[in-house]
Amino acid sequence: MNEERRTLNEEIKQYAEGLLPELIELSEAIYQHPELGNEEYNASRLHVELLRKYGFDVEIPYLGVKTGFKATYKAAKSGATVAYLCEYDALPGIGHGCGHNILGTTSTGAGIVLKKFVDTVGGTVIVFGTPAEETSGAKVLYADMGAFDGVDIALVAHPNSSYNRSGRSLAMDAIQFEYFGKTAHAAAAPEKGINALDAVINTFNNINALRQQMQTDARIHGVIKDGGKAANVIPEYAMAQFYVRAQTKSYLTELVKRVKACAEGASMAAGTELKISNYEYSYDNLVSNQILSDTFMEELEAVGVTDIEPERDSFGSLDAGNVSHKCPTIHPYFDIVGNPEVVAHTREFAESTLTDYAYKNMALVIRALSQTGMRVMFDENLLKGIKDEFASTTM
Ligand SMILES: [Zn+2]
Ligand SMILES: [Zn+2]
């Protein structure tokens, strides 16, 4: 590391540490008032207030998303555009069990730190507020509407119980099947009815048979949302929702076709009418940019994080996946718990977001994220390498 970078990193450290009390306040305020996806009015407002205070121009709502925002700071001198992605939605019943209060604060913190130093090198810093990661992720809509087209790199680090390199996530489709039959007295005149619940049950059975023939890393899981109203009435309407997931978009397309055939066959057997729709956005698989990921790993080590595990085996899906097909992206994980037994989507994990341990690691990650942005802005060759890799991996 040259002397110039060493000095700059020391300045970043001082500045980030000075910012920490305000960031902790932001994360705790969001924790105390958890809001579900697309209802994060308080959380988005708090992020925006802080970003405005530090000189960002903010667009809220953004692209028609009421709790979404785009905060931009453009230096007088031109240069690379670095984006940080904020999430701040909670889970029903367990509040911030995914740690999005810390996640969003880390991104906003990194944006504010990078903004402080961007005038010297030249470039643009953007912080995107991206609602509803747990359900209908706004990043999907943003990606479709061109939000990331002018962005050179996008970064988001997710709280976890270990540090992990940015990896993959599964492509996902959210499919809804509705079956329309005919009601009748289930005992007095069953022959007059058309049983919509039978169609649902057969769909599950067909899909369970399909599992034998699908790739081992694909996933299909569903629930019955409506299975009738009373045992003595033949259900005239039934509805099931499924998530179908696969490692690549192309295999997902193939698998979804077969899942739909399972529902169509079941519907035909039961004599119902079938309506198929998507009940949430489809998520693309995450393609992590390896050069960008290496750069972030180096910066994590530079701030003193050494215990970094390889990428997680991820069988979940992330709306950051859609971003990764629009611009070079990473989605690494960082430890806020200090105990691998405590996993995300639990109350214990939510409580961990309030600890000194979490704040210490949040501060380190904010520094590593802003230093990564800084390096990409300083080093044209690094950015070119990142972009060449992006072009070759997302065709
Ligand atoms: Zn989650
Ligand atoms: Zn999450």
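Here our numbering is used: position 348 in the sequence shown is 1437, and no number is missing along the way.
C-beta: ideal position from N, C-alpha, C; glycine also.
Indicate the three-state DSSP secondary structure (helix, strand or coil) for residue i in the structure shown.
{"i": "Thr1384", "result": "helix"}
{"i": "Ala1329", "result": "strand"}
{"i": "Arg1334", "result": "strand"}
{"i": "Gly1311", "result": "strand"}
{"i": "Phe1237", "result": "coil"}
{"i": "Leu1135", "result": "helix"}
{"i": "Thr1213", "result": "strand"}
{"i": "Ala1285", "result": "helix"}
{"i": "Ile1365", "result": "strand"}
{"i": "Pro1279", "result": "helix"}
{"i": "Phe1438", "result": "helix"}
{"i": "Lys1318", "result": "coil"}
{"i": "Phe1404", "result": "coil"}
{"i": "Glu1267", "result": "strand"}
{"i": "Pro1083", "result": "The question about residue 1083 has no answer, for the chain in this structure spans 1090 to 1484."}
{"i": "Ser1225", "result": "coil"}
{"i": "Pro1123", "result": "coil"}
{"i": "Val1392", "result": "coil"}
{"i": "Ala1433", "result": "coil"}
{"i": "Asn1294", "result": "helix"}
{"i": "Asn1091", "result": "coil"}
{"i": "Asn1428", "result": "coil"}
{"i": "Thr1342", "result": "helix"}
{"i": "Gly1360", "result": "coil"}
{"i": "Ser1377", "result": "coil"}
{"i": "Thr1096", "result": "helix"}
{"i": "Thr1482", "result": "helix"}
{"i": "Glu1114", "result": "helix"}
{"i": "Leu1129", "result": "Reading the sequence as shown, one finds Glu at residue 1129 and not Leu. If DSSP states are grouped into helix, strand and coil, Glu1129 belongs with coil."}
What are the boundary residues of the beta strand (DSSP E) that includes residue i?
{"i": "Ile1242", "result": "Ile1242 to Leu1244"}
{"i": "Met1303", "result": "Met1303 -> no beta strand (DSSP E), and no H or E assigned at all."}
{"i": "Lys1449", "result": "Not the beta strand (DSSP E): Lys1449 falls in the alpha helix (DSSP H), residues Asp1445 to Phe1467."}
Which partner residues of residue i appear in the DSSP bridge assignment?
{"i": "Phe1158", "result": "Gly1218"}
{"i": "Cys1175", "result": "Gly1218"}
{"i": "Asn1253", "result": "Glu1398 and Tyr1422"}
{"i": "Tyr1372", "result": "Met1261"}
{"i": "His1274", "result": "Val1322"}
{"i": "Asp1146", "result": "Thr1161"}
{"i": "Asp1104", "result": "The identity of residue 1104 in the sequence shown is Tyr, whereas the question assumes Asp. Answer is none; Tyr1104 lacks a bridge partner."}
{"i": "Tyr1151", "result": "Val1154"}
Ends of the alpha helix (DSSP H) at residue i?
{"i": "Lys1166", "result": "Neither: Lys1166 is in no alpha helix (DSSP H) and is coded neither H nor E."}
{"i": "Tyr1414", "result": "Checking the sequence shown, residue 1414 turns out to be His, not Tyr. Neither: His1414 is in no alpha helix (DSSP H) and is coded neither H nor E."}
Going by the C-beta, is residue i closer than 7 Å to any heavy atom of ligand 4?
{"i": "His1420", "result": "Absence of ligand 4 is noted for the structure shown, with ligand 1 and ligand 2 being the only ligands found."}
Contact set, ligand 1 heavy atom to C-beta under 6 Å: Cys1187, Glu1223, Ala1433 and His1434
Which ranges would you report for the alpha helix (DSSP H) in the stretch 1180 to 1212 if only whole runs of at least 4 residues count? 1189 to 1210
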